[in-house]
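**Student:** Numbering (our numbering), first residue to last: 50 to 390.
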Ligand SMILES: [Zn+2]
Ligand SMILES: [Zn+2]
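What follows is the structure in structure tokens.
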């Protein structure tokens with residue numbers, strides 16, 4: 050069976066994977082839709098090191114095609130989403146409600162990955178990290194539960210409260226999703242800063258109250274103008290760079306909160322004005338990953354109908370052309386690329 054894999058650095062290819070081995074309690078699923086994430090692009094850029102073990106893709110909505118004979122909870126034909134990895138539930142971090150710090154987080158995972166013709170959801174994920182897609186929810190929308198879940202976790206981590214002003218630095222898919230989630234969580238004013246005019250236009254139309262093109266205007270001055278000179282209550286950096294986080298910090302109000310949400314390369318360092326940190330008493334956090342509860346909340350959010358999530362998807366690719374979907378994401382052509390099977 051085929052799966053999309055990272056090959057030589059910069060190369061994505063459809064690779065022949067062995068069919069995953071089915072064990073008691075597992076679910077075998079046939080993907081219906083799988084989103085492309087910047088992590089997939091990062092893995093392609095890095096390359097597989099000559100040994101292809103995993104398929105790309107972790108934002109997957111799928112149909113169950115095989116269950117154990119003893120299975121009571123699941124049936125063939127049900128449509129589901131699943132977490133890509135699973136907190137163990139019993140370690141120190143899990144017991145402190147910090148699931149993505151779990152030391153056993155990657156001990157089980159979807160095999161070989163979401164962008165494959167067949168995927169095994171191992172028993173542990175089937176029992177604690179798999180959720181039914183509501184009947185009337187399109188599978189493309191359900192496949193967004195993972196990236197929305199990551200953002201929901203990020204927004205919860207940074208403590209967004211009803212009425213807050215929010216600045217999101219970044220106009221990519223995660224920036225757009227962060228704007229949507231901020232509104233859903235009760236933000237009074239959602240500002241998105243970026244430097245890609247066609248992305249900002251979509252974000253402006255569907256997700257943000259205000260967009261700021263940082264190639265044309267001074268970010269801090271604009272944010273101050275929209276926030277009575279104070280700066281934003283909440284700032285979330287959704288760009289993988291030190292510069293983005295530095296400008297995010299410049300735009301937070303005294304006592305506000307900053308989330309270093311985007312993953313960055315090893316050794317990415319910023320310099321911090323400690324006097325400002327001390328006197329202006331702002332808070333900083335980072336956020337990584339998603340737990341089952343966040344995926345569940347994302348599905349609930351979609352089902353509420355309160356957020357128009359469909360415009361996050363800007364292009365569809367058939368699985369046979371999944372390589373092109375990676376190029377689309379890498380070249381920042383639109384927002385989210387969705388692969389359909
Ligand atoms: Zn992702
Ligand atoms: Zn744990």
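By construction, the Cβ of each residue, glycine as well, lies at the ideal position given by its N, Cα and C atoms. Since we're looking at a predicted model, the values are computed, not measured.
Are the segment 332-339 and the segment 350-360 touching, with three or more C-beta to C-beta distances below 8 Å?
**Tutor:** At 8 Å Cβ cutoff, the stretches do not touch.
**Student:** Cβ of residue 260 within 8 Å of Cβ of residue 272?
**Tutor:** In the chain shown, the residue the question calls residue 260 occupies position 211. In the chain shown, the residue the question calls residue 272 occupies position 223. Against a cut-off of 8 Å, the Cβ pair of residue 272 and residue 260 comes out as no contact.
**Student:** Classify residue 143 as helix, strand or coil using the three-state DSSP reduction.
**Tutor:** Taking the chain shown and counting its residues from 1, one reaches residue 143 at position 94. If DSSP states are grouped into helix, strand and coil, residue 143 belongs with the helices.
**Student:** Considering only the beta carbon of each residue, do residue 105 and residue 164 sit closer than 8 Å?
**Tutor:** As a working mapping, residue 105 is identified with position 56 in the chain shown. As a working mapping, residue 164 is identified with position 115 in the chain shown. Yes.
**Student:** Is there at least one non-hydrogen atom of ligand 1 closer than 7 Å to the beta-carbon of residue 145?
**Tutor:** By one-based count along the chain shown, residue 145 stands at place 96. Not under cutoff, so the answer is no.
**Student:** Using a 10 Å radius around the Cβ and a threshold of 16 neighbouring Cβ atoms, would you call residue 318 buried or exposed?
**Tutor:** On the chain shown, residue 318 is found 269 positions in, with the first residue counted as 1. Burial call: exposed.
**Student:** State the DSSP-derived secondary structure class of residue 295, mapped to helix, strand or coil.
**Tutor:** Counting from one through the chain shown, the residue named residue 295 turns up at place 246. Three-state result, residue 295: helix.
**Student:** Alpha carbon to alpha carbon, how far is residue 266 from residue 256? Give it in angstroms, no decimals.
**Tutor:** Counted from its first residue, the chain shown places residue 256 at position 207. Counted from its first residue, the chain shown places residue 266 at position 217. Distance between the alpha carbons of residue 256 and residue 266: 20 Å.
**Student:** In angstroms, rounded to a whole number, what distance separates the CA positions of residue 117 and residue 74?
**Tutor:** Taking the chain shown and counting its residues from 1, one reaches residue 117 at position 68. Taking the chain shown and counting its residues from 1, one reaches residue 74 at position 25. If I take the Cα positions, the gap works out to 6 Å.
**Student:** Is there contact between the segment 377-386 and the segment 276-289, where contact requires at least three CB pairs shorter than 8 Å?
**Tutor:** Not touching, per the Cβ criterion.
**Student:** For residue 202, count neighbouring Cβ atoms within 10 angstroms of its own Cβ and tell me buried if that reaches 16, exposed if not.
**Tutor:** Taking the chain shown and counting its residues from 1, one reaches residue 202 at position 153. Buried is the call here.
**Student:** Do residue 220 and residue 308 come within 8 Å of each other at the CB atom, strictly closer than that value?
**Tutor:** Within the chain shown, numbered from 1, the residue matching residue 308 stands at position 259. Within the chain shown, numbered from 1, the residue matching residue 220 stands at position 171. Not in contact: residue 308 and residue 220 (Cβ atoms no closer than 8 Å).
**Student:** I'd like to confirm the pairing. Which residues does DSSP put opposite residue 79 in its beta bridges?
**Tutor:** Your numbering for residue 79 matches position 30 in the chain shown. The partner list for residue 79 (beta bridge, DSSP) reads 112.
**Student:** Helix, strand or coil: how does DSSP classify residue 128 here?
**Tutor:** Looking up residue 128 in the chain shown gives position 79. Correct three-state label for residue 128: strand.
**Student:** Could you compute how far the alpha carbon of residue 323 sits from the alpha carbon of residue 174?
**Tutor:** Here residue 323 refers to the residue found at position 274 of the chain shown. Here residue 174 refers to the residue found at position 125 of the chain shown. C-alpha separation (whole angstroms): 43 Å.
**Student:** Using the three-state DSSP reduction, which class does residue 288 fall into: helix, strand or coil?
**Tutor:** Position 239 of the chain shown holds residue 288. The answer is coil: DSSP assigns residue 288 none of H, G, I, E or B.
**Student:** Between which two residues does the alpha helix (DSSP H) harbouring residue 176 extend?
**Tutor:** Along the chain shown, one-based indexing puts residue 176 at 127. Residues 172-177.
**Student:** Between residue 83 and ligand 1, is the CB less than 7 Å from at least one heavy atom?
**Tutor:** For the purposes of this step, residue 83 is identified with residue 34 of the chain shown, where counting begins at 1. Incorrect: residue 83 has no Cβ contact closer than 7 Å to ligand 1.
**Student:** Which residue wins for smallest C-alpha separation from residue 279, given the options 213, 113 and 264?
**Tutor:** Here residue 279 refers to the residue found at position 230 of the chain shown. Comparing Cα positions, the closest option is 213.
**Student:** With residue 429 and residue 149 assumed to form a contact (beta carbons below 8 Å), what rounded beta-carbon distance in angstroms separates them?
**Tutor:** It is not possible to answer for residue 429, since the shown part of the chain is limited to 50 through 390.
**Student:** Does the beta carbon of residue 88 fall short of 7 Å from some heavy atom of ligand 1?
**Tutor:** Taking the first residue of the chain shown as 1, we reach residue 88 at position 39. Yes, ligand 1 has a heavy atom inside 7 Å of this Cβ.
**Student:** In whole angstroms, give me the CA-to-CA distance for residue 352 and residue 183.
**Tutor:** For the purposes of this step, residue 352 is taken as the residue at position 303 of the chain shown. For the purposes of this step, residue 183 is taken as the residue at position 134 of the chain shown. Spanning the two alpha carbons is a distance of roughly 8 Å.
**Student:** For the alpha helix (DSSP H) that residue 226 lies in, which residues bound it at each end?
**Tutor:** Position 177 of the chain shown, counted from the start, is the residue given in the question as residue 226. Where residue 226 is concerned, the enclosing alpha helix (DSSP H) stretches over 222-233.
**Student:** If we count Cβ pairs, one from each stretch, closer than 8 Å, do we get three or more for the segment 220-230 versus the segment 357-373?
**Tutor:** Taking 8 Å as the limit for Cβ pairs, the verdict is that the segment 357-373 does touch the segment 220-230.
**Student:** If you follow the alpha helix (DSSP H) that residue 203 is in, where does it begin and where does it stop?
**Tutor:** As a working mapping, residue 203 is identified with position 154 in the chain shown. Its alpha helix (DSSP H) spans residues 194-206.
**Student:** Helix, strand or coil, according to DSSP, for residue 379 in the structure here?
**Tutor:** Stepping through the chain shown from its first residue, residue 379 is reached at position 330. Helix at residue 379.
**Student:** Would you please state the rounded distance, in angstroms, between the beta carbons of residue 192 and residue 108? I believe it to be under 8 Å.
**Tutor:** In the chain shown, the residue the question calls residue 192 occupies position 143. In the chain shown, the residue the question calls residue 108 occupies position 59. The Cβ separation is near 5 Å, so the contact holds.
**Student:** Give the single residue among 189, 93 and 350 whose Cα lies nearest to the Cα of residue 235.
**Tutor:** Residue numbering aside, residue 235 sits at position 186 when the chain shown is read from its first letter. Considering only alpha carbons, the answer is 350.
**Student:** Hey, quick one: how far does the beta strand (DSSP E) through residue 51 stretch, first residue to last?
**Tutor:** As a position in the chain shown, residue 51 is number 2, starting the count at 1. Run containing residue 51: 51-55, per the beta strand (DSSP E) assignment.
**Student:** Answer with buried or exposed for residue 243, where buried requires no fewer than 16 other C-beta atoms within 10 angstroms of its C-beta.
**Tutor:** Translated into the one-based positions of the chain shown, residue 243 becomes position 194. Burial call: buried.
**Student:** If we count the other Cβ atoms within 10 Å of its Cβ and call it buried at 16 or more, is residue 402 buried or exposed?
**Tutor:** This structure leaves residue 402 out entirely; the chain is present only between 50 and 390.
**Student:** When you compare the segment 151-169 with the segment 67-86, are there three or more beta-carbon pairs, one atom per stretch, that lie closer than 8 Å?
**Tutor:** The segment 151-169, when compared against the segment 67-86, does touch it at the 8 Å Cβ threshold.
**Student:** Check whether the Cβ of residue 271 sits closer than 7 Å to any heavy atom of ligand 1, and report yes or no.
**Tutor:** Residue numbering aside, residue 271 sits at position 222 when the chain shown is read from its first letter. No, since every heavy atom of ligand 1 falls outside the 7 Å radius drawn around the Cβ of residue 271.
**Student:** Note down the Cα distance separating residue 375 from residue 96, rounded to an integer number of angstroms.
**Tutor:** On the chain shown, position 326 is the one that residue 375 refers to. On the chain shown, position 47 is the one that residue 96 refers to. The alpha-carbon atoms of residue 375 and residue 96 are separated by roughly 13 Å.
**Student:** My understanding is that residue 135 touches residue 178, with C-beta atoms under 8 Å, so please give their C-beta distance in whole angstroms.
**Tutor:** Here residue 135 refers to the residue found at position 86 when the chain shown is read from its first residue. Here residue 178 refers to the residue found at position 129 when the chain shown is read from its first residue. Between residue 178 and residue 135 the Cβ distance is about 5 Å, and since that is below 8 Å, they are a contact.
**Student:** Between residue 303 and residue 329, what straight-line distance do the alpha-carbon atoms span, to the nearest angstrom?
**Tutor:** Counted from its first residue, the chain shown places residue 303 at position 254. Counted from its first residue, the chain shown places residue 329 at position 280. So the alpha carbons of these two residues sit roughly 4 Å apart.
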